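Participant: Below you'll find the structure I mean.
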Amino acid sequence: MGEKKFARVPSLVTMACAWSVGRFMDTFYAELGQKKIVGTRCPQCQTTYVPPRSLCGCCWKPLSKWVTLKDQGELVNFIVAHVDVRGEALSQPRIIGMIKLKGGGGNTTPIYGEIKGVAPEQVKLGMKLAAVWAAEPKGELTDLSYFQPVGK
Ligand SMILES: [Zn+2]
40 MGEKKFARVP SLVTMACAWS VGRFMDTFYA ELGQKKIVGT RCPQCQTTYV
90 PPRSLCGCCW KPLSKWVTLK DQGELVNFIV AHVDVRGEAL SQPRIIGMIK
140 LKGGGGNTTP IYGEIKGVAP EQVKLGMKLA AVWAAEPKGE LTDLSYFQPV
190 GK
């Protein structure tokens, strides 16, 4: 048993990668670029999924009915973050919410988004929020910049 030896070969490896997010998410992003939020609705249980899914998680029916939701909704849950994803302290707390958008029917899955324009101690479940869009949408998740209280 000898000492393990490792050969070192200096090199530079470039890995160009591209992947598809799938037909449903492609449509979701393309519609965000038009300042629209879309989902898919189950023909059996009427659940509207936002972002869209191809199968219903409740009854496993294929989903093909597209629904355009309003860019306003109601806050159904939230957290106030004081650290970022690396655990570093934030200079100001950030509010991340789950927003149930209007237009999807009674059983609509919530979308996640940052909430601005309200102090953390003033955030309330059920408050009405409206999306604030990027000035120049590009068909990316960041097109939906954040949500703020309606009327701000
Ligand atoms: Zn269903």
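Under the working numbering, the final residue of the sequence shown carries the number 191; numbering is consecutive throughout. Heads up, the beta-carbon is just placed ideally off N, CA and C, and yes, glycines get one too. If you're wondering where the values come from, they're calculated on a predicted model, not measured in any experiment.
(1) Beta carbon of threonine 181: closer than 8 Å to some heavy atom of ligand 1?
(2) Distance check for alanine 128 and isoleucine 154, CA to CA, integer angstroms please.
(3) Restricting to Cα atoms, I'd like to know which of Leu183, Lys167 and Asp123 is closest to glycine 190.
(4) Enumerated in chain order, which unbroken segments of the alpha helix (DSSP H) with a length of 4 residues or greater are wholly contained in the segment 60–84?
(5) Is threonine 86 near ligand 1, with its Cβ less than 8 Å from a heavy atom?
(6) Within 8 Å, do at least three Cβ pairs link the segment 131–150 to the segment 81–90?
(7) Answer yes or no: do leucine 71 and leucine 183 have a C-beta to C-beta separation smaller than 9 Å?
(8) State the Cα-Cα distance for the pair alanine 232 and valine 162, rounded to the nearest angstrom.
(9) Exposed or buried, what is valine 124 when buried is set at 16 or more other beta-carbons lying within 10 Å of its beta-carbon?
(10) Ordered along the chain, which non-local residues of its own chain (more than five positions away) have a Cβ less than 8 Å from that of proline 176?
Facilitator: Checking against the coordinates, here is how it stands:
(1) no
(2) 18 Å
(3) Lys167
(4) 62–71
(5) yes
(6) In this structure the segment 81–90 touches the segment 131–150; the number of beta carbon pairs closer than 8 Å is three or more.
(7) Yes, Cβ-Cβ distance for leucine 71 and leucine 183 is below 9 Å.
(8) Since the first residue of the chain shown is 40 and the last is 191, residue 232 is not available in this structure.
(9) Residue environment analysis places valine 124 among the exposed positions, since fewer than 16 neighbouring C-beta atoms fall within 10 angstroms of its C-beta.
(10) Leu71, Gly72, Gln73, Lys74 and Asp182
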